[in-house]
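These notes concern the structure reproduced below.
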Amino acid sequence: MIIERFTLDQLKNLSQSFPAIGVIGPRQVGKTTMVKAFRNIIDKETVYLDLELISDLDKLKEPELFLSRLADKCVIIDEIQHKPDLFPLIRSLIDQQREPCRFIILGSASPVLLRQSSESLAGRIAYIELHPFAFPEIQNLIPREQHHFYGGFPDALLADSAEAGKLWLNNFIRTYTEKDLPMYGLSANPLLIRRLWEMLAWINGNLLNLNMLGKSLGINYHTIDKYITYLENTFLVRKLEPFHYNMKKRLVKTPKIYICDSGVLHRLLRIDSVEQLMGHAILGYSWESYVIEQISALKRPDIDLYFYRTHNGAEVDLLFTRGPEPVATAEIKFTSSPHPEKGFYYCIDDLQTTKNFIITPDSDDYPVKENIQVCSMEIFLDKYFKDI
């Protein structure tokens with residue numbers, strides 16, 4: 005089953021102006037599938053290289069000789085992290101003949117870990133981050149409850165059975181800890197990284213306390229910070245930073261931590277069914293991280309996401325900003341009868357936002373105050389998000 009990704013339009017647009025486009029995202033998220041769909045619609049001959057195949061790596065034993073002959077084609081290089089020394093050569097070839105869509109590179113890590121890429125191709129490359137399926141991409145095929153439980157990775161979400169989906173997620177977690185993270189340079193015991201990842205799942209949606217994690221695992225603050233940075237740069241966890249731009253109030257300045265994919269979150273916590281999730285202590289935080297991930301996958305580049313919390317405990321789960329300016333807030337609640345808390349009003353007054361939402365699983369669309377709207381996630385994404 006081929007499901008067209010929303011990001012495909014972004015790839016089409018960027019291919020008309022940038023000589024190189026980087027498509028990044030976690031393994032098995034659908035990068036290769038999307039780019040193969042792009043090959044069918046581009047008005048340019050393409051050459052595809054998968055650097056996990058020895059036969060394709062062999063073609064690049066003399067990379068300058070091989071790639072210089074393809075100046076009139078779009079060269080797609082998959083899993084480029086296996087050969088980071090290509091970046092300076094790609095830069096040189098682009099500078100010799102700069103035209104749109106000469107190279108599309110695919111990688112399973114951020115530009116920070118794709119060594120040299122951000123420096124070597126500065127001004128020549130645009131990056132697209134491909135997330136697991138966002139709900140609007142598959143809402144005509146999959147119920148939201150199923151998407152929330154299994155997450156957005158295609159092989160887990162579209163598996164033939166519940167057990168097959170969970171097995172895929174188990175293998176995904178094991179492969180990342182035992183193979184992928186070490187490949188990116190994380191020299192740590194895979195069992196330790198697995199324990200850290202599981203601990204982060206238990207504090208999903210909470211403030212990140214590096215000292216507490218370090219004491220629990222018997223390692224120091226700086227080492228924990230380094231390990232989490234690797235998880236973040238491979239799209240496994242997300243730090244949500246607090247907003248405190250030019251604010252004179254005493255505000256929390258510690259980030260929150262989230263597991264990026266809800267299916268991975270539930271496997272790390274060994275939650276085996278939707279019924280178990282409904283009775284689990286993590287449910288509210290699971291819903292919060294799920295909604296934030298949908299919004300992150302669909303947001304425009306000019307919108308940034310934060311949370312806002314004062315030292316008195318008043319808090320907004322999600323703050324939307326454009327540059328330094330707060331433009332909207334959202335509380336994310338797993339309830340059928342939401343009521344704004346006093347702290348929400350306090351934060352709205354602080355931030356002076358006129359668009360404020362309480363996002364729930366199944367609420368109708370209605371105001372509770374002049375500037376606070378209650379709605380379901382689907383209504384928010386379809387009706388309100390595009391106007392923020």
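If you use the numbering used here, the sequence shown closes out at 392, no skipped numbers anywhere.
The beta-carbon is built from N, C-alpha and C at its ideal position, and this holds for glycine as well.
In this text the structure is predicted, and so the values were computed from the model without any measurement.
Residue i versus residue j - alpha carbon distance
i	j	result
Leu200	Gly218	9 Å
Phe324	Ile142	25 Å
Ile299	Lys40	26 Å
Phe338	Ala113	32 Å
Tyr294	Ser340	17 Å
Pro371	Ser290	25 Å
Leu162	Gly189	32 Å
Leu57	Gly222	39 Å
Pro393	Gln280	Past the boundaries of the shown model lies residue 393; the chain is included only from 5 to 392, so the question cannot be answered.
Leu322	Tyr310	6 Å
Phe70	Lys63	7 Å
Arg102	Arg274	50 Å
Leu15	Phe42	8 Å
Asp164	Gly156	15 Å
Glu182	Gly267	19 Å
Gln100	Ala138	39 Å
Asp308	Leu55	34 Å
Pro67	Pro186	26 Å
Leu166	Gln32	A small fix is needed here, since residue 166 is Ala in this sequence, not Leu. Near 18 Å, if we compare the C-alpha coordinates of Gln32 and Ala166.
Val79	Ile132	17 Å
Ser191	Ile228	13 Å
Tyr262	Gly288	13 Å
Gly317	Leu171	40 Å
His248	Lys257	7 Å
Pro194	Asp366	40 Å
Asn174	Pro158	14 Å
Phe107	Ala285	47 Å
Glu374	Phe389	18 Å
Asn224	Leu61	39 Å
Asn237	Pro115	8 Å
Cβ-based burial, residue i [other Cβ within 10 Å; buried from 16]
i	result
Asn17	exposed
Asp184	buried
Arg420	Outside the shown range of the chain, which is 5 to 392, sits residue 420, and nothing can be said about it.
Asp265	buried
Ala75	exposed
Ile45	exposed
Ser19	buried
Met282	exposed
Ser121	Legend: pLDDT at Ser121 = 48, less than 50; position of this residue unreliable, value from coordinates given subsequently. Buried, because 16 or more other Cβ atoms sit within 10 Å of the Cβ of Ser121.
Ala160	buried
Glu335	buried
Ser21	exposed
His152	buried
Pro92	exposed
Leu385	buried
Leu145	exposed
Proximity test, residue i beta-carbon vs the ligand COA heavy atom, cut-off 8 Å
i	result
Ile108	The model depicted lacks the ligand COA and carries no ligand whatsoever.
Distance between beta carbons of residue j and residue i, contact taken as under 8 Å
i	j	result
Gly169	Tyr180	At roughly 17 Å, the Cβ-Cβ gap does not stay under 8 Å, so Gly169 and Tyr180 are not in contact.
Pro246	Tyr312	7 Å
Ile177	Leu272	7 Å
Ile98	Leu53	Not quite, the Cβ-Cβ distance comes to about 17 Å (not below 8 Å), so this is no contact.
Leu255	Ile296	Actually they are not in contact, since the Cβ atoms of Leu255 and Ile296 sit about 20 Å apart, beyond 8 Å.
Ile352	Thr333	6 Å
Ser72	Arg95	Incorrect: roughly 13 Å between the Cβ atoms, too far for contact.
Lys87	Val51	Contact flag wrong, Cβ pair sits at about 15 Å.
Gly111	Ile84	5 Å
Beta-carbon spacing of residue i, residue j below 9 Å
i	j	result
Leu214	Ile232	yes
Lys359	Asp391	yes
Ile28	Phe361	no
His30	Pro140	Residue 30 is actually Pro in this sequence, not His. No, Cβ-Cβ distance for Pro30 and Pro140 is not below 9 Å.
Leu269	Leu235	no
Leu134	Thr11	yes
Ile25	Ala130	yes
Gly209	Glu292	yes
Phe348	Glu319	yes
Thr357	Val331	yes
Thr36	Ile6	no
Pro328	Val378	no
Asp368	Lys387	no
### Message
My parser needs the beta strand (DSSP E) runs of 3 or more residues fully inside the stretch 310 to 335; what are they?
### Response
Qualifying beta strand (DSSP E) stretches, in chain order: 319 to 326.
### Task
Give, in chain order, every unbroken run of the alpha helix (DSSP H) that is at least 4 residues long and sits entirely within the stretch 6 to 66.
Runs found: 11 to 18, 35 to 43, 58 to 63.
#### Entry: Continuous alpha helix (DSSP H) assignments of at least 4 residues falling wholly in the stretch 233 to 296
List check, alpha helix (DSSP H) in window: 266 to 272, 278 to 282.
### Query
Which residue spans inside the stretch 345 to 373 form an unbroken alpha helix (DSSP H) run of at least 4?
Taking only runs of at least 4 residues, the alpha helix (DSSP H) segments lying wholly in the stretch 345 to 373 are 346 to 355.
### Task
Tell me the start and end of each unbroken alpha helix (DSSP H) in the stretch 131 to 174 that is at least 4 residues and wholly inside, in chain order.
Counting only runs of 4 or more, we get 139 to 142, 148 to 154, 158 to 161.
### Contiguous alpha helix (DSSP H) assignments of at least 4 residues, all confined to the stretch 179 to 218
Correct list: 194 to 206.
### Contiguous alpha helix (DSSP H) assignments of at least 4 residues, all confined to the stretch 77 to 118
Counting whole runs of 4 or more residues, the stretch 77 to 118 contains the alpha helix (DSSP H) stretches 90 to 100.
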